[in-house]
Structures are given as structure tokens and as C-alpha cells.
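Residue numbers for the sequence shown, in our numbering: 79 to 152.
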Amino acid sequence: MISIGQDGKINVNWVQNGIRSKKVFRSIKEAERFQELVEDIQNSIKLAEEMGKFNRDFDYDPSLANLKIEKVGK
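Here you go:
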């Protein structure tokens, strides 16, 4: 989230793992670029966490894979 302090400085605030962080910028363009970067990173982390959950619940059965390969080969 981008905010402007009383002193005119532009702040980018975000929360990651329950920790509030802040970075100060002099221009709004720099702050917007940084905010987009933070959002991309947070989305990547969420995706990685979801993939981790999926992979933990996924059971690989080689016989089913071989059956699929046989059907595709015919």
C-alpha cells in the first residue's frame, strides 16, 4: 500500500508473514514500481505455498501413468 506521510515522503507498506515492513521513496513512480514488485513476489509466494500443499496431497501411481501411455500409443 502506498501512502504519503506528513513530511511529504512516499511510503510503501506491506505485510509478509505477519511482519509489517515499510520503504520510503522520493518519487511516486519509484514507489509504484516497488509496490508492483512486492505484489508479484507475494503472489509467487502464495502460488508456491499452494503448489506445496498440492504436491503433499498428490499420490503418484506409476501403473496409472503406464496405462495412460498405452492408451495414447494406440
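Just so you know, even glycine gets a beta-carbon here, dropped at the ideal spot from N, CA and C. Model, not experiment: these values are computed from the prediction.
Sequence-distant partners of Ser81 (beyond 5 residues in either direction) whose C-beta falls short of 7 Å from its own C-beta, in its chain, are Asn89, Asn91.
For Ile88, the beta-bridge partners assigned by DSSP are Ile82, Phe103. Gln120 is the residue among Gln120, Lys131, Phe132 whose C-alpha sits nearest the C-alpha of Gly96.
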